[in-house]
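What follows is a short report on a single structure.
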Amino acid sequence: MAFENIRIESEGGVVTLTIDRPKALNALNTATLREVERALAELPADTRALIVTGGGDKAFVAGADIAEMVAMSGTQAREFGALGHRVFATLESLACPTIAAMNGFALGGGLELALACDLVYASEKAKMGLPEVGLGVIPGFGGTQRLTRVVGKMRAKELVFTGERLDAAKAKEIGLVLDVVPADQLMAHCKAVAGKLLKNGPLAIAQAKRAIEYGADADLRAGNVLEQQTFAALFGSEDQREGMKAFLEKRAATFTGR
Ligand code: DAK
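Just remember that this note's numbering sits 12 ahead of the position in the sequence shown, which is counted from 1.
Okay, here's the thing in structure tokens:
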């Protein structure tokens with residue numbers, strides 16, 4: 013698959029998707045979002061983890077593309093917003109875990125992209141925020157919703173109303189990123205996390221992700237029903253038999269994802 017604005021690399025079940033328009037600090041325009049959409053639809057069947065990062069040495073993603081948005085009509089903005097929402101929802105719904113390796117500026121749509129990933133790790137030089145109100149608009153790719161669910165309503169309001177840019181340490185303090193690592197160790201760190209996931213049953217991780225994702229937006233009783241169903245759904249799978257047999261036989265499990 014040929015792409016102009018992104019790169020896809022795959023190694024041992026870990027796919028790395030790099031938004032790669034360093035001249036525009038990896039800003040998301042329609043063409044880039046369409047390429048991400050296509051890449052997600054065409055992920056290799058054996059993908060066990062996806063790492064999302066930015067090309068060049070400055071930015072993860074500096075936002076939606078302001079040069080493309082400046083002259084949009086309301087109808088075009090609706091289409092652009094729908095595309096972004098669709099792509100980020102697809103990313104969020106992947107069965108495999110997704111990791112944002114936030115290697116620099118993650119502003120506007122860039123932070124929204126990270127927020128659609130399961131786990132976010134930042135380099136020490138990452139800077140993030142939702143500065144859209146300074147451009148006369150509001151976050152349009154899910155930022156008002158996903159940020160609120162991660163950091164709470166009041167902190168989300170502060171960040172969206174002020175458009176303030178946080179450094180990585182402050183972002184970690186408020187739970188917006190999991191860990192902060194030196195820039196030259198970020199990818200190794202994310203790959204090491206992916207390596208830990210690879211040892212576990214992919215079907216189990218997929219069901220756990222589903223229970224947490226859907227359960228987080230449900231009331232406790234509905235969430236617990238969902239957990240019971242996803243738990244039961246794993247029984248009878250080859251992975252469940254293999255995982256438990258391997259424990260009893262005191263050996264490492266070999267999971268097939270079936
Ligand atoms: N869009 C387009 N180009 C961008 C860009 C962006 N978001 N960010 C940077 N660039 C371009 C710059 O224009 C510059 O291009 P040239 O002048 O070289 O042609 C190049 O990248 C390098 O940027 P700088 O020269 O500015 O680099 P600096 O190191 O000086 O500054 C910076 C880095 C990240 C602080 C600065 O570039 C910056 O402030 N960038 C804009 C950040 C930003 O405001 N991001 C939020 C974008 S708004 C919606 C849908 C979506 C959204 C809203 C509504 N609807 C459907 C309604 C989402 C909105 C956003 O994400």
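Each residue gets a CB set at the ideal place from its N, CA and C atoms; glycine is no exception. Predicted, not measured: the structure shown is a model, and the values here were computed from it.
query = Is Phe100 near the ligand DAK, in the sense that its beta carbon is under 7 Å from a heavy atom of that ligand?
reply = By one-based count along the sequence shown, residue 100 stands at place 88. No - the ligand DAK has no heavy atom lying nearer than 7 Å to the Cβ of Phe100.
ask   = Taking 7 Å as the cut-off, does the CB of Glu176 come closer than this to any heavy atom belonging to the ligand DAK?
value = Counting from 1 along the sequence shown, the entry for residue 176 is found at position 164. No, the Cβ of Glu176 stays beyond 7 Å of every heavy atom of the ligand DAK.
inquiry  = If you follow the beta strand (DSSP E) that Val193 is in, where does it begin and where does it stop?
reply    = For the purposes of this step, residue 193 is taken as the residue at position 181 of the sequence shown. From DSSP, the beta strand (DSSP E) with Val193 extends over 191-193.
ask   = Residue range of the alpha helix (DSSP H) that Gly235 falls in?
value = Numbered from 1 along the sequence shown, position 223 holds the residue referred to as residue 235. 232-245 is the span of the alpha helix (DSSP H), which, as asked, contains Gly235.
query = Exposed or buried, which one is Phe92 when buried takes at least 16 other CB atoms within 10 Å?
reply = Numbered from its first residue, the sequence shown carries residue 92 at position 80. Label assigned to Phe92: buried.
Beta carbon of Ala126 nearer than 8 Å to that of Ala118 = By one-based count along the sequence shown, residue 126 stands at place 114. By one-based count along the sequence shown, residue 118 stands at place 106. Yes, these two residues count as a Cβ contact at 8 Å.
ask   = Taking the Cβ atom as the reference point for each residue, do Leu238 and Ala258 lie within a distance shorter than 8 Å?
value = On the sequence shown, residue 238 is found 226 positions in, with the first residue counted as 1. On the sequence shown, residue 258 is found 246 positions in, with the first residue counted as 1. No, they are not a contact pair.
inquiry  = Assuming Leu29 and Ala57 are in contact, meaning their beta carbons sit under 8 Å apart, how far apart are those beta carbons, in whole angstroms?
reply    = Residue 29 sits at position 17 when you count from the first residue of the sequence shown. Residue 57 sits at position 45 when you count from the first residue of the sequence shown. That pair is no contact at about 16 Å.
query = How long is the line joining the alpha carbons of Phe100 and Ala128, rounded to whole angstroms?
reply = The residue you call residue 100 lines up with position 88 of the sequence shown. The residue you call residue 128 lines up with position 116 of the sequence shown. Cα to Cα, Phe100 sits roughly 6 Å from Ala128.
ask   = Cβ-heavy atom distance between Leu238 and the ligand DAK below 7 Å?
value = For the purposes of this step, residue 238 is taken as residue 226 along the sequence shown, with counting starting at 1. Outside the cutoff, so no.
ask   = Of the residues Gly175, Arg167, Gly154, Arg158, which one's Cα is nearest the Cα of Leu147?
value = Position 135 of the sequence shown holds residue 147. Answer by Cα proximity: Gly175.
request  = Would you mind sorting Gln219 into buried or exposed? The rule is 16 or more other CB atoms within 10 Å of its CB.
outcome  = Position 207 of the sequence shown holds residue 219. Under this definition Gln219 is a buried residue.
key: Supposed close pair Phe153, Gly121 - CB separation, criterion 8 Å   = Against the sequence shown, residue 153 aligns to sequence position 141. Against the sequence shown, residue 121 aligns to sequence position 109. Indeed they touch by this definition, with Cβ atoms about 5 Å apart.
message = For a quick check, are the C-beta atoms of Leu178 and Leu131 less than 8 Å apart?
response = Within the sequence shown, residue 178 is the residue found at index 166, counting from 1. Within the sequence shown, residue 131 is the residue found at index 119, counting from 1. No. Outside cutoff.
task = Pick helix, strand or coil for Gly66, following the three-state DSSP scheme.
result = Taking the sequence shown and counting its residues from 1, one reaches residue 66 at position 54. The answer is strand: DSSP assigns Gly66 an E or B state.
Boundaries (first-last residue) of the beta strand (DSSP E) holding Arg19 = Indexing the sequence shown from 1 puts residue 19 at position 7. Where Arg19 is concerned, the enclosing beta strand (DSSP E) stretches over 18-23.
inquiry  = Across the segment 184-203 and the segment 243-252, are there enough close Cβ pairs to call them in contact, namely three or more that are closer than 8 Å?
reply    = no
request  = Closer than 7 Å by C-beta to Ala14: which residues in its own chain qualify, once you throw out the five before and the five after it? Chain order, please.
outcome  = The count along the sequence shown starts at 1 and reaches residue 14 at position 2. Same-chain partners within the cutoff: there are none.
ask   = Skipping 5 residues on each side, what residues in its chain have a beta carbon closer than 6 Å to that of Ala134?
value = Walking along the sequence shown from the start, residue 134 turns up at place 122. Around Ala134: Met114, Ala180, Val189, Val192.
task = Can you give me the start and stop residues for the beta strand (DSSP E) that Ser105 sits inside?
result = By one-based count along the sequence shown, residue 105 stands at place 93. Element bounds for Ser105: not the beta strand (DSSP E) but the alpha helix (DSSP H), 86-105.
message = Taking the alpha helix (DSSP H) that Ile186 belongs to, which residues open and close that run?
response = As a working mapping, residue 186 is identified with position 174 in the sequence shown. Careful: Ile186 lies outside any alpha helix (DSSP H) and carries neither H nor E.
request  = Starting from the C-beta of Val3, find all residues in its chain whose C-beta is less than 7 Å away, skip the five residues before and the five after it, and write them out in chain order.
outcome  = In the structure as shown, the chain starts at 13 and stops at 270, and residue 3 therefore has no counterpart that could be examined.
inquiry  = Counting C-beta neighbours from all protein chains within 10 Å, is the total for Ala76 16 or more, i.e. buried, or is it exposed?
reply    = Here residue 76 is taken as the residue at index 64 of the sequence shown, counted from 1. Label assigned to Ala76: buried.
inquiry  = Measuring alpha carbon to alpha carbon, tell me which residue in Lys211, Gly227, Glu254, Glu250 is nearest Gln241.
reply    = Here residue 241 is taken as the residue at index 229 of the sequence shown, counted from 1. Comparing Cα positions, the closest option is Gly227.
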